[in-house]
Each structure stands twice: as structure tokens, then as C-alpha cells.
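Trainee:
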Amino acid sequence: MSTTASSARRVVVIGLDGATFDLIQPWVAQGHLPTLARLLRTSAWAPLESVLHPFTAQAWTSMVTGANQGKHRIFDFWERDFSTYGFRLTNASFRALPALWTLLSQAGRRVIVLNVPMTYPPEKVNGVLVSGWDTPGMGAAFTYPLALKAELPALSGGQPYVIVPDDWKYSTAQRGDMVMAELLREIDVRFTVVTNLMAREPWDLTFFVVSALDGAAHFLWKYHDPSHPLYDPAVNAQMFTEDPLLQVYQRADQRLGEFLATLPPDVHVLVVSDHGEGALEDVEIHLNLWLAQQGLLTLRTRGSHRSPGGTLKWLAAKLVDRGKHALYGRVSFSTLSRLRHLWPDKLRVTLGEESFFPGVDWAHTLAYSEEVRGNIWINLKGRDPQGVVTPGAEYEALRSRIISELQDLRDPATGQRLVHRVWRREERFSGPFSERLPDLLVEAAYPDLFRPRGAYTGREPVRHLTLEEMSRRRITGCHRANGIFFAHGPAVQPDLPLAPASILDVAPTVLYLLGEPAPGWMDGRVLTEMLTPAALAAQPVETRPQAPPPVNPADSAGGAVQGYDEAEAQEVTDRLAGLGYL
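Numbering (this note's numbering), first residue to last: 1445 to 2026.
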């Protein structure tokens, strides 16, 4: 290990994307995960409550800034483009607050950052940074310094470097064995690279993320869970010697143990995840169909020309969407990419609105949802291109009506309520970007209830899928609200289960362990209950009063954000589609 760090206090944060105690604790009890079993005995640990909605982009960004989405701006992989009814992809340049490593770099501390989602384009740090999930591909400039990119194959032990595993490509072809192989490779590469970087670079904070556990839950759940409707023991026997999801967790546990053994005893270690995981069940909620039944959303009829080119765009969008679904799983993704470039750029761009909101008659619509999330937007005058709802009393009355009526939505088979709560955005978010967020957020048992295939079909807003429909889904496991949190080190009480912590608490806690005060704009807090009395007596918690730094001035007309070019956007969009997000 390097001994040239600028301070005796050092922290390592290990992100296991999607790791969940729902799997870890039973497997620990069965003796399958010895490293995590040891951490349970020697650490303070707690469920880690994620954000609303618990998806990768906003969850990791909230963790590394210690602030809510209304302050840091990253609400999802995309954000509304208010000049249209479309969206645009986000990346790290949209983030309006400094991350942990930015603050530490400014304080003269050395950092190593590897594969944290929403870190592309890479920022200049006092150390090294390799960007993560939002990197558009291996051809991009995704490291700081840039020369580090050429060194990654050597740092990977001769293996090709992995930004994002190709698990989603093999899942489409129903090759669960190749999915597992990709995930195991990503685990090995990630731990190898970070170990080699830490051996040669001075560091005060090392923060890296392994994404394999998230992909394993998404794509291997049907091979893991005998109660899943798509579980087939005969298929499993052909591809696996044992539970593939367990095998991915075991490889992560093994490499985690080997990595922890390289660290000096005075280093503080946090093991965290951005959310949990569970089964993707057979129920779907069609929010736009529900809004239509309430008379709040109107669809154009087939011959309608209420908006310019309405029928042509609607039919074109349906044709393209059907074509894509027909090709996915039948041709390779490289072939699909080549075919896509035969389409005129203008056509691909102008179909954005229709891809999210096919056939909406905006002049007669009061509220709408993008459907892939539990979000509802009010068609607001002065904000939306064809807004019809007046701000003020009319807007508030409409939100109150939707909240009251939607919270009683029930499963037609069981009669159980499906919606836990409908939130006004200001009830969950604060800050200069709150008004960019949806007007209402629908919280259900898990966020993937809002992913209907073929929006606006059927007669009821809630329905149970057939086995054939379930088999067409890209994923069989999906996110849950609670991730994991372990803290280990000389200032931390061992073997201490804690009450659930917030994902926003990670950043101020890391700063405390490094002897740095948390800025006043952070919404999280130092988890003092995990600390030893001696540590707290020696270092009382300090918060530096500080207004938020200047926000990113970019808006829907452009500005400081660095968007993707056409090819990069398609690379990221393919990844989102492959993972089931689009």
C-alpha cells in the first residue's frame, strides 16, 4: 500500500450496486458469504434507505453529494426538456453540487475514484478518476488524467477493462450462463484495477463501485428464485451447477475479502449499496390509462390532426417501436447499431416525444406520465408547450384530486392497495432544481411496477401479465428501497446493528472520518451512533455553515452541461433499453 497519503486518516468506500440484506443475511446464515459474515460481526451496519425513486443515477449522486435531487439536479438517467414533451439524457455534467472527491480535492486531499455512476465526463481531481455507468463507450475520454485510459488493460491484469458488463446483451438472448460470466469478469476487473491503483497512487479517499450484483439481480432472478413464474429447473440444470445469483455474490464476497486483507488496520472502510433488489412480479400499473379513465388524459384518435403531423408521427413511432422489439434478441447489438444509422437523424430525434407519450392529445390533457417511472406531470401553462392547467389554485386542486384518488388503486386479484403514497414534489425535494422534477411522485412497493409494455393497451390500469408477456420482459429482478451499509475501523463500534440510515448520510460520515467538516448544504448527517465514545470525544461533529455553491446555469436552452453526441446518446440509450429502463 502507498504510504505517501497526505493524512493519516484514510477511508475506502466500496459500492456493491444493488446489494441487499434480503439475500446477504440468509446466505450468511448458511455459510456462503464469509467476508460479509465477518463484517456483520466487526462493523456497525444498517439498512440504507435510498432515494425516491431508487434508481442508479439519482441514488449514487445523492450518496456522493449528501444532498437531495432538488439540490444536485440528477433526478434520473434523463430529465425533462421543457421545450418539448421529451427528455434528454443526463450525465455528471448536469450535477450542480460537488461530490465528495471534489470537496476533498479542493482541501488538498488525494482521491481515487473508479466506476461510480454519473461521473462522465470525468472531472479534474487531486488524484485519479475513471468514470462509470454514464460513459458512452470505450472510445470516449473517460479517465482523469487522460493518459490513465491507456494504462487500464495493464492495471486490469491483462484483461480488457470493463465499464459496464455486457450482461444485458446476453440476457436478451436467454444466455444466463454468459450473463453470469460477464458479471464475474466485471467483479475481477474492478477489484484488480482498484488494488493496483491504490498500490501506486497516494490516496486519502478511495471510492469505487462494482455493478455486478445489480445486473445479477436484474437478469438472473428467474434462475435463482423457485417461486418465480419463469423459473425452470431443467433450463437451470443445462446452464448452472448452482444458483447463479449466489455465485455472483460469492465471487464478490471472495474478492472483497482479498481486498480488505490488503488494507492497514487504521483505514476506515464503508461497504454500501444504492438500493436493494427483489423479484419483478407479474403486476403492472399503467398510470396514463388510469389518468385517461379519470378524464385527465386524452388520446388522439387514429385520424386526428389536432397536433401538426399527429397521425403520421404516431404511426411512425409505433412502427419504429414494433421494429425494435422484433429485432431485439434476434440480431446482435452491433448489427442493431449499424441498422439504426440507416434512419435519418431528424426522424430519430423527432420521435422522442412520441416514444414516451404516443398519441397524446395535449390540448385536451391535464396530466400525464412517462410510464417507466411512477411520475405524474401536470400539463402546466407557461411550462409545458401546450399547457392547459393554470398555475395556482387550479394546479393545486388537480394535484390534490390525483393524490386522493390514486392512493386507492388496488390489485384486481387481491384487493390490496398498490400505492403507498403519492408525494407532492416539494414534500420530498428542496433546492433550486426542484421545479424541474415531476409534480407528483407515486411510491409503490417497488418502482418497477410502473413499466407497462405497450402503453395504453387493455382496459384496466392495473393488470396481471401472462407468462408469455413476462417472458418478453428484459429483466426478472428489480430494485427495492433499502440497500446496505457497513462501517468498519478504529472509530467505529463493532457488531452494532443500527436503525436504518439515509443514503444522504454517507457523504457527511465519510468527511467526518477523514477529519473534514461537512458543508452546511448537505442534507445528510454524520452517523454518530456508530462511533465509539472515545472517537466522538476526540473529534466532536463539526458542520461548516456554508451556502450552496453556484448552481450549474444550464437550462433547456443549453449552457454549461456537456450532452452526448448522436452516437454516444444511442450507446447510452441502448444500455438503458437493455437493462429494461426504456
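Every residue, glycine too, gets a C-beta built ideally from N, C-alpha and C.
All values reported here derive from a predicted model rather than from experimental measurement.
Less than 6 Å between C-beta atoms, sequence neighbours within five positions excluded: which residues of the same chain meet that for residue 1599?
Mentor: Along the sequence shown, read from residue 1 onward, the residue named residue 1599 stands at position 155. Cβ within range, chain order: 1637, 1640.
Trainee: Quick check on DSSP: helix, strand or coil for residue 1468?
Mentor: The count along the sequence shown starts at 1 and reaches residue 1468 at position 24. It is helical.
Trainee: With DSSP as the reference, identify every bridge partner of residue 1929, one or two as the case may be.
Mentor: On the sequence shown, position 485 is the one that residue 1929 refers to. For residue 1929, which the question treats as bridged, DSSP gives the partners 1490, 1716.
Trainee: Can you tell which of 1965, 1972, 1607 has the C-alpha that lies nearest to the C-alpha of residue 1988?
Mentor: As a working mapping, residue 1988 is identified with position 544 in the sequence shown. Among 1965, 1972, 1607, the Cα nearest to that of residue 1988 belongs to 1965.
Trainee: Count Cβ pairs between the stretch 1511–1518 and the stretch 1867–1881 that sit closer than 8 Å; are there 3 or more?
Mentor: At 8 Å Cβ cutoff, the stretches touch.
Trainee: Considering Cα atoms alone, identify which of 1823, 1845, 1935 is closest to residue 1882.
Mentor: Along the sequence shown, one-based indexing puts residue 1882 at 438. Nearest of 1823, 1845, 1935 to residue 1882, Cα basis: 1823.
Trainee: Would you mind reading off the limits of the alpha helix (DSSP H) that contains residue 1695?
Mentor: Position 251 of the sequence shown, counted from the start, is the residue given in the question as residue 1695. Start and end: 1688–1704.
Trainee: Grab the span of the beta strand (DSSP E) containing residue 1522 for me, first residue to last.
Mentor: Translated into the one-based positions of the sequence shown, residue 1522 becomes position 78. Segment 1522–1525, the beta strand (DSSP E) holding residue 1522.
Trainee: Closer than 7 Å by C-beta to residue 1532: which residues in its own chain qualify, once you throw out the five before and the five after it? Chain order, please.
Mentor: Position 88 of the sequence shown holds residue 1532. The answer, listed in chain order, is 1522, 1523, 1525, 2007.
Trainee: Return the CA-CA distance between residue 1686 and residue 1677, expressed in angstroms with no decimal places.
Mentor: Position 242 of the sequence shown, counted from the start, is the residue given in the question as residue 1686. Position 233 of the sequence shown, counted from the start, is the residue given in the question as residue 1677. Cα to Cα, residue 1686 sits roughly 11 Å from residue 1677.
Trainee: Which of the three DSSP states, helix, strand or coil, is assigned to residue 1614?
Mentor: Translated into positions along the sequence shown, residue 1614 becomes position 170. Residue 1614 falls in the helix class under three-state DSSP.
Trainee: Using the three-state DSSP reduction, which class does residue 1895 fall into: helix, strand or coil?
Mentor: As a first step, residue 1895 is located in the sequence shown; it is residue number 451 there, counting from the start. Residue 1895 falls in the coil class under three-state DSSP.
Trainee: Which two residues bound the contiguous alpha helix (DSSP H) that contains residue 1663?
Mentor: On the sequence shown, position 219 is the one that residue 1663 refers to. Residue 1663 -> alpha helix (DSSP H) spans 1656–1668.
Trainee: On the DSSP bridge list, what partners appear for residue 1458?
Mentor: Position 14 of the sequence shown holds residue 1458. Answer is 1652, 1715.
Trainee: Quick one: residues in its chain with C-beta nearer than 6 Å to the C-beta of residue 1788, no 5 flanking neighbours on either side, listed in chain order?
Mentor: Along the sequence shown, read from residue 1 onward, the residue named residue 1788 stands at position 344. Residue placement at residue 1788 is poorly supported in this model, since its pLDDT is 43, which falls under 50; the coordinates are not used for a value here.
Trainee: Answer yes if the stretch 1484–1492 comes into contact with the stretch 1547–1561, meaning at least three C-beta pairs across the two stretches below 8 Å, and no otherwise.
Mentor: Contact between the stretch 1547–1561 and the stretch 1484–1492 is absent, because fewer than three Cβ pairs lie under 8 Å.
Trainee: Measuring CA to CA, which of 1477, 1888, 1840 is closest to residue 1860?
Mentor: What you label residue 1860 is simply residue 416 of the sequence shown in a count that begins at 1. Nearest option by C-alpha distance: 1888.
Trainee: Mind checking which residues open and close the beta strand (DSSP E) that includes residue 1556?
Mentor: Taking the sequence shown and counting its residues from 1, the one referred to as residue 1556 is at position 112. 1555–1558 is the span of the beta strand (DSSP E), which, as asked, contains residue 1556.
Trainee: Buried or exposed: where does residue 1611 fall if 16 or more other Cβ atoms within 10 Å of its Cβ makes it buried?
Mentor: Translated into the one-based positions of the sequence shown, residue 1611 becomes position 167. Buried, because 16 or more other Cβ atoms sit within 10 Å of the Cβ of residue 1611.
Trainee: I'd like the list of long-range same chain contacts for residue 1573, defined as Cβ closer than 6 Å, with 5 residues on each side in sequence excluded.
Mentor: Against the sequence shown, residue 1573 aligns to sequence position 129. The residues are 1557, 1566, 1588.
Trainee: Could you compute how far the alpha carbon of residue 1618 sits from the alpha carbon of residue 1584?
Mentor: Position 174 of the sequence shown holds residue 1618. Position 140 of the sequence shown holds residue 1584. C-alpha separation (whole angstroms): 29 Å.
Trainee: Does the beta-carbon distance from residue 1654 to residue 1909 come in below 9 Å?
Mentor: Locating residue 1654 in the sequence shown gives position 210, where the first residue counts as 1. Locating residue 1909 in the sequence shown gives position 465, where the first residue counts as 1. Contact flag unset, no.
Trainee: Just checking, does the stretch 1974–1984 make contact with the stretch 1532–1541 on the three C-beta pairs under 8 Å criterion?
Mentor: Output reads no: the stretch 1532–1541 does not touch the stretch 1974–1984.
Trainee: Assuming the contact rule is C-beta atoms closer than 8 Å, residue 1440 and residue 1688 should be a hit. Round their C-beta distance to whole Å, please.
Mentor: In this structure the chain extends from 1445 to 2026, so residue 1440 is not present and cannot be described.
Trainee: Does residue 1871 pass the burial test, meaning 16 or more other C-beta atoms within 10 Å, or should it be called exposed?
Mentor: Position 427 of the sequence shown, counted from the first residue, corresponds to residue 1871. So residue 1871 counts as exposed.
Trainee: Report the option in 1924, 1925, 1926, 1941 whose CA atom is closest to the CA atom of residue 1932.
Mentor: The sequence position of residue 1932 within the sequence shown is 488, counting from 1. Looking at the Cα atoms, 1941 is the closest of the given residues.
Trainee: DSSP state of residue 1567, grouped into three classes?
Mentor: As a first step, residue 1567 is located in the sequence shown; it is residue number 123 there, counting from the start. Reduced to three states, the DSSP call for residue 1567 is coil.
Trainee: Do residue 1951 and residue 1968 come within 9 Å of each other at the CB atom, strictly closer than that value?
Mentor: Reading the sequence shown from its first residue, position 524 is the one you call residue 1968. Reading the sequence shown from its first residue, position 507 is the one you call residue 1951. Yes; because the gap between Cβ atoms is below 9 Å, this pair is in contact.
Trainee: Short of 8 Å in beta carbon distance, which residues of its chain neighbour residue 1628, apart from the five on each side in sequence? Order them along the chain.
Mentor: In the sequence shown, the residue the question calls residue 1628 occupies position 184. Same-chain partners within the cutoff: 1656, 1691, 1692, 1695.
Trainee: What residue range does the alpha helix (DSSP H) around residue 1531 cover?
Mentor: Your numbering for residue 1531 matches position 87 in the sequence shown. Taken as a continuous stretch (DSSP letters only), residue 1531 belongs to no alpha helix (DSSP H), being part of the beta strand (DSSP E) at 1530–1533.
Trainee: Which residue marks the beginning of the alpha helix (DSSP H) containing residue 1980, and which one marks its end?
Mentor: Locating residue 1980 in the sequence shown gives position 536, counting from the first residue. From DSSP, the alpha helix (DSSP H) with residue 1980 extends over 1977–1982.
Trainee: Counting C-beta neighbours from all protein chains within 10 Å, is the total for residue 2010 16 or more, i.e. buried, or is it exposed?
Mentor: In the sequence shown, counting from the first residue as 1, residue 2010 sits at position 566. Counting Cβ neighbours within 10 Å, residue 2010 comes out exposed, since fewer than 16 surround it.
Trainee: Quick one: Cα of residue 1602 to Cα of residue 1624, how far?
Mentor: Residue mapping note: residue 1602 aligns to position 158 of the sequence shown, counting from 1. Residue mapping note: residue 1624 aligns to position 180 of the sequence shown, counting from 1. Each residue's Cα considered, the two are about 20 Å apart.
Trainee: Go through its chain and collect everything with a Cβ distance to residue 1825's Cβ below 8 Å, but skip five positions before and after it.
Mentor: Walking along the sequence shown from the start, residue 1825 turns up at place 381. The answer, listed in chain order, is 1831, 1832, 1833, 1834, 1835.
Trainee: With a Cβ-Cβ cutoff of 9 Å, do residue 1486 and residue 1697 count as a contact?
Mentor: For the purposes of this step, residue 1486 is taken as residue 42 along the sequence shown, with counting starting at 1. For the purposes of this step, residue 1697 is taken as residue 253 along the sequence shown, with counting starting at 1. Result no, Cβ atoms of residue 1486 and residue 1697 do not sit closer than 9 Å.
Trainee: Suppose you measure from the CA of residue 1511 to the CA of residue 1718; what does that come to, to the nearest Å?
Mentor: Numbered from its first residue, the sequence shown carries residue 1511 at position 67. Numbered from its first residue, the sequence shown carries residue 1718 at position 274. The alpha-carbon atoms of residue 1511 and residue 1718 are separated by roughly 14 Å.
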